[in-house]
Amino acid sequence: MLVLDTSLIISFFNNSDVFHSQAVEKFKNFEKDKKRLLVTNYVLNEAVTVMLRKANLTKSKELLEFLLEYKNMEIFHIDADGFMEVVKTFKNQKSYLSFTDCSLLWMAKYYGFKIETFDKNLDSELEKLAGRKRSRR
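In this text, residue positions in the sequence shown follow the working numbering: the first is 6, and each later residue adds one.
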């Protein structure tokens, strides 16, 4: 199971993003390898909102449809107990991660999921959690 971060989704959807070509390549590989993908309700919310701010409502709606309809992808809803764990993760952090990024850090720790991200700060925290350098890009 592979969990996608907002940075990867936005890079894939935004042709002018510096990581766009890398994101496109990753999605090609996901499809080729038939990877099961997860997007949390927090990441979905953040991605749709970022696209609305960076582009427009039409692109934001297209992104939403993409996330809801993409084969091999499911939306993971963080429940009330998970929310409280994310709150703890956010309160205990020292690296200025967003609440959404803290939710991904918690998922990596609690479920052992691999997180795909282009976010250097999140990746650094995931490396600390794993106790080793993660392969990126």
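For glycine and all other residues, C-beta sits at the position ideal for the given N, C-alpha and C.
Among the options, the one whose alpha carbon lies nearest that of residue i
i	options	result
Leu73	Ser26, Val53, Lys96	Val53
Ile120	Arg41, Phe18, Glu90, Lys99	Arg41
Val91	Asn19, Tyr75, Tyr116	Tyr116
Met89	Met78, Gly136, Ser108	Ser108
Lys39	Thr94, Met78, Gly136, Glu130	Met78
Residue i at chain C interface by Cβ criterion, 8 angstroms
i	result
Leu57	Given the protein chain composition of this structure (a single chain), no chain C is represented.
Rounded separation between residue i and residue j - CA only
i	j	result
Tyr101	Leu57	23 angstroms
Glu132	Ala60	32 angstroms
Lys125	Asp106	11 angstroms
Glu51	Thr63	16 angstroms
Phe71	Gly136	34 angstroms
Phe32	Met6	14 angstroms
Lys99	Asp86	22 angstroms
Arg141	Ser21	The pLDDT assigned to Arg141 is 48, lower than 50, so where the model puts this residue is not dependable; a value taken from the coordinates is nonetheless given after this. Using only the alpha carbons, I get a separation of about 20 angstroms.
Glu30	Leu134	26 angstroms
Glu130	Gln27	21 angstroms
Asn97	Lys37	39 angstroms
Thr94	Lys114	10 angstroms
Same chain, Cβ closer than 7 angstroms to residue i, neighbours up to 5 away in sequence not counted
i	result
Arg122	Note that residue 122 is Thr in the sequence shown, not Arg. Only Asp10, Ser12, Leu13, Asp128 meet the Cβ criterion.
Ile80	Val44, Asn46, Leu49
Rounded Cβ spacing between residue i and residue j (contact assumed at less than 8 angstroms)
i	j	result
Met112	Phe118	5 angstroms
6 angstroms Cβ shell around residue i - same chain, five flanking residues per side excluded
i	result
Phe18	Leu68
Asp84	none
Own chain residues within Cβ distance below 8 angstroms of residue i, not counting five before or after
i	result
Val55	Thr11, Ile15
Tyr75	Leu42
His25	Ser16, Phe17, Asn19
Ser65	Val53, Thr54, Met56, Leu57
Asn34	Lys40
His82	Thr45, Asn46
Proximity test, residue i beta-carbon vs the ligand MG heavy atom, cut-off 7 angstroms
i	result
Lys31	The ligand MG is not part of the structure shown, which contains no ligands of any sort.
Worksheet entry | Contiguous beta strand (DSSP E) assignments of at least 3 residues, all confined to the stretch 24-77 | If we require 3 residues or more, the beta strand (DSSP E) runs fully inside the stretch 24-77 come out as 42-45.
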